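Q:
Chains as they are written, first to last, in the working numbering: chain A, 168 to 511; chain B, 74 to 329.
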């Protein structure tokens, strides 16, 4: 196979390894920073103990904090950032709209309705967790929006409008349930959840988020050239031999599922899916073979950092991560925008 | 290889846009498609290119229904340049033309030096090689159109389909582009707005009116005073010069 002789192939392997190392460094850093600062050395020892049975001596409390609390949290943050960023790239490419983001398809609105149905209305009679309820709501909303888009016509505009209609409807449902049935405590809890919350995240969440994001990324990478072909729109993609309908179903479906999993674990963290793709495009342009993995990497690093900041910025209190992503992300994005204009 | 429509009908919603059109493209020719606004030219072009499937009748490539070839195979034989395809993405001219290789690439057949050569050749064919590294957004309308044609040529098509390729170009670039297309070693079908351009460059002309193919033939057969009056609603004189080239002289204000 000529594939392995190709120099670009080895360049890519090298870049992938570098990215992986960067990601591991960020995870280790995130595990060492927090209310009690733990040296990176201890973090590495703990990792060695858990991953390779190294039998290094580590304080049991430190070890518990690192392994059960911070590391699982950092890994989920990374998955979430990567997943949302990749979904953002895909939707922006397919819908030819630079304002498209993973929540465009009603997913976060549906998730919130599902979550309040479980928490406030007691749907499922205690057998259904908040996450499962949110996931169900997200899928229901996505199904609703997809059907609406199919009925409304074939254009990309139809999908965007259907998404807006669906989001509004499910958001209204959520508000209705909250105002009708929730007490102040519950309302505050829901608001926190909506802004994104990684506090309750443990290892079982990792085993959900990690496969979801890896599968999603692989599917999108498989279709990278198809996404490139959408550069000049749907018709042009079709004339380049792209089965437009199939690509739409597969890619919008996978990014919706990826987003639904993330939202059901951590709530709807805004900004990442909209802005990270633009930031990544600024570095490597619009070729999706590069853009997708780079967006995933930047998204992961960004959300790991945002989580660290959310934990330490107000002592003794965790700020919702959605607030941090927007507060840090918006100025950073503004800088990139201005800089890009100078470059041109 | 043949490209043919048989009794094709096509609806947009409940409105019939194409009514029983049969048409065979002769290999090697430059076929012009003319007709007033809303006569179904663009719809017919997208059916010919295989992007749309006829609701009734058949669209055939090599005497086989187009959709049976599969999108990929179709794109290896038919290059299509639609009207006004633009993008806000940041990409270079070379990258835009590289998209034309999409129908030949997959995970197992990655980009090779042959693809590089074909892209370079396509750029040279449309005289854009010196601009290969320019960004798309910095191009003029005419340059963008030439890049689109290069992208279609990079598909190594047998048939090149152009939907009003000279829109928004100044007269020099209009003539330059059509001259360029005529010299390319492919069969060309082009929807054209300017009847004098059709007269100047086409081997045959097809006339659409209200979704019906009302005429198909050589330039002198088609461009007649009656056709111009009945189809386009204009009063005009068709003159021929010494080389047999047709020329249309329009008369001002005409009432039916």
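A virtual CB, placed ideally from N, CA and C, is assigned to each residue, including glycine. Here the structure is a predicted model, which is why all the values come from computation and not from measurement.
May I have the straight-line CA-CA distance separating residue 402 of chain A from residue 320 of chain A, to the nearest angstrom?
A: Roughly 15 Å separates the two Cα atoms.
Q: By how many angstroms is the C-alpha of residue 178 of chain B removed from the C-alpha of residue 393 of chain A?
A: If you take the alpha carbons of residue 393 of chain A and residue 178 of chain B, they lie about 10 Å apart.
Q: Does the distance from the C-beta atom of residue 250 of chain B to that of residue 260 of chain B stay below 9 Å?
A: Not in contact: residue 250 of chain B and residue 260 of chain B (Cβ atoms no closer than 9 Å).
Q: Does the beta carbon of residue 220 of chain A come closer than 9 Å to any beta carbon on chain B?
A: no
Q: Candidates A/333, A/489, A/198, A/408: which alpha carbon is nearest residue 247 of chain A's?
A: A/489
Q: According to DSSP, is residue 83 of chain B helix, strand or coil?
A: Looking at residue 83 of chain B - three-state DSSP - the assignment turns out to be strand.
Q: Which parts of the segment 359 to 433 of chain A are runs of the alpha helix (DSSP H), unbroken and 4 residues or longer, counting only runs that do not cross its ends?
A: 370 to 389, 391 to 396, 401 to 406, 411 to 433
Q: Compare the C-beta of residue 120 of chain B against all C-beta atoms of chain C and say whether one is closer than 9 Å.
A: Chain labels in this structure do not include chain C; the protein chains are A and B.
Q: Can you find the residues in the same chain that come closer than 6 Å, C-beta to C-beta, to residue 152 of chain A, ignoring five residues on each side of it along the sequence?
A: The displayed coordinates of chain A run from 168 to 511. Any statement about residue 152 of chain A would go beyond what the structure contains.
Q: List, in order along the chain, the chain B residues whose C-beta lies closer than 8 Å to that of residue 268 of chain A?
A: Among the residues of chain B, none has a CB under 8 Å from the CB of residue 268 of chain A; the nearest is roughly 16 Å distant.
Q: Using CA coordinates, which residue listed in A/376, A/226, A/442, A/433 is at the minimum distance from residue 474 of chain A?
A: A/433
Q: Using only CA atoms, which one of B/74, B/277, B/202, B/88 lies nearest to residue 166 of chain B?
A: B/202
Q: What does a CB cutoff of less than 8 Å around residue 217 of chain B pick up in its chain, not counting 5 residues either side in sequence?
A: 159, 209
Q: Compare the C-beta of residue 398 of chain A with all C-beta atoms of chain B and state if any pair is closer than 9 Å.
A: yes
Q: Is any beta-carbon of chain A found at less than 9 Å from that of residue 84 of chain B?
A: no
Q: Does residue 149 of chain B have its Cβ less than 9 Å from a Cβ in chain A?
A: yes
Q: In whole angstroms, what is the alpha-carbon distance linking residue 267 of chain A and residue 232 of chain A?
A: 38 Å
Q: Looking at the secondary structure, which residues open and close the alpha helix (DSSP H) in which residue 466 of chain A lies?
A: 455 to 479
Q: In the DSSP assignment, what residue or residues form a beta bridge with residue 165 of chain B?
A: B/208
Q: Would you kindly report the start and end of the unbroken alpha helix (DSSP H) that includes residue 252 of chain B?
A: 244 to 256 is the span of the alpha helix (DSSP H), which, as asked, contains residue 252 of chain B.
Q: Measure how close the beta-carbons of residue 278 of chain B and residue 111 of chain B come, nearest whole angstrom, since I'm counting them as under 8 Å.
A: Residue 111 of chain B and residue 278 of chain B do not touch by the CB rule: their CB atoms are close to 19 Å apart, not below 8 Å.
Q: Whole angstroms is fine: what's the gap from residue 265 of chain B's alpha carbon to residue 237 of chain B's?
A: 5 Å
Q: Please classify residue 286 of chain B: is it buried, with 16 or more other beta-carbons within 10 angstroms of its beta-carbon, or exposed?
A: buried
Q: Taking three-plus beta-carbon pairs below 8 Å as touching, is the segment 269 to 282 of chain A in contact with the segment 455 to 472 of chain A?
A: no
Q: Check whether the Cβ atoms of residue 331 of chain A and residue 280 of chain A sit closer than 9 Å, and answer yes or no.
A: no
Q: Please return the same chain residues whose Cβ sits closer than 7 Å to the Cβ of residue 210 of chain A, not counting the five positions on each side in sequence.
A: 195, 198, 199, 233
Q: Answer yes or no: do residue 260 of chain A and residue 397 of chain A have a C-beta to C-beta separation smaller than 9 Å?
A: yes
Q: Quick check on the DSSP output: the alpha helix (DSSP H) that includes residue 294 of chain B runs from which residue to which?
A: 292 to 295
Q: For the beta strand (DSSP E) containing residue 322 of chain B, name the first residue and the last one.
A: Residue 322 of chain B -> beta strand (DSSP E) spans 319 to 323.
Q: Report the residue from B/195, B/189, B/284, B/131 whose alpha carbon sits nearest the alpha carbon of residue 223 of chain B.
A: B/195
Q: Applying the 10 Å Cβ sphere with the 16-neighbour rule, what's the burial state of residue 263 of chain B?
A: buried
Q: Under three-state DSSP, which class holds residue 189 of chain B?
A: For residue 189 of chain B, the secondary structure class from DSSP, reduced to helix, strand or coil, is helix.
Q: Got a sec: which bits of the segment 401 to 413 of chain A sit with their beta carbon under 7 Å from any beta carbon on chain B, in order along the chain?
A: 402, 403, 405, 406, 407, 408, 409, 410
Q: Does residue 175 of chain B come out as helix, strand or coil in the three-state DSSP assignment?
A: Residue state, collapsed to three classes: helix.
Q: Can you give the Cα-Cα distance for residue 302 of chain A and residue 428 of chain A, rounded to whole angstroms?
A: 6 Å
Q: Output, in chain order, the set of chain A residues within a Cβ distance shorter than 7 Å of residue 128 of chain B.
A: By Cβ distance, chain A contributes nothing, its closest Cβ being about 15 Å from residue 128 of chain B, past 7 Å.
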